[in-house]
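A short write-up of the structure that comes next.
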Amino acid sequence: MSVPFAGTFTRSGGVLSAIAKQIKLLNFKAVKRVTVKFDPFHENANNTRDFLHAISTSKVSQTNPSCIVKTDIVCNRDKPLVTFQFIPSVQEASKIKTIKVEADNLSLLELLKVTNEQITARAPKEEPVSTLKTKSEKKGAVGKRR
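Letter 111 of the sequence shown, counting from 1, is numbered 111 in the UniProt record's numbering, and no numbers are missing.
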């Protein structure tokens, strides 16, 4: 008698693949400005710096070219803080102007998950663009020319 299979056939890719997956899901279409504020001497500033590096990549910045990423480096032992300011249409729809995330005890993966849950979920949906058909496409272009 055999034991039924209860699990997965492949192993998890680990933390790095989870971080890469979350970075691919980032969408800043709803955001006008991102401000990352941290003290470089704070004990948990590494994760905030890694987050800043992740949102500065070209793929993420292509989701909204008009989004401004600003860095505030302070030396007063403050907790790391990430602030997202929304575009006006999203502000009206969700009645929220900004979201502030205290990144003190969050890992890079947790920061990315919070960003995807709160920011990417509010991104405006894209409307499908209809393409114009040529005459030959409308007719079906069944036969060849002689």
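Virtual Cβ for every residue (Gly too), placed ideally from N, Cα, C.
- Assignment of LYS138 by DSSP, reduced to helix, strand and coil, places it in the helix class.
- Cβ-Cβ distances below 7 Å link VAL15 to LEU109 in the same chain, with the five nearest sequence neighbours on each side left out; the list follows chain order.
- The straight-line gap separating the alpha-carbon atoms of LEU26 and CYS75 is approximately 29 Å.
- For VAL34, there is no enclosing alpha helix (DSSP H); the enclosing beta strand (DSSP E) covers residues 31-38.
- Secondary structure of ASP72 (DSSP, three-state): strand.
- Looking at the backbone, the Cα of THR115 and that of ARG77 are separated by about 24 Å.
- Your pair LYS70 and THR35 checks out as a contact, with CB atoms roughly 5 Å apart and the cut at 8 Å.
- If you draw a 10 Å sphere on the C-beta of PHE38, you find 16 or more other C-beta atoms in it, and that means buried.
- Nearest Cα to SER61 within the set LYS29, SER89 and THR134: LYS29.
- Fewer than three pairs of CB atoms, one per stretch, sit closer than 8 Å, so the segment 1-11 makes no contact with the segment 47-58.
- For PHE84, there is no enclosing alpha helix (DSSP H); the enclosing beta strand (DSSP E) covers residues 81-86.
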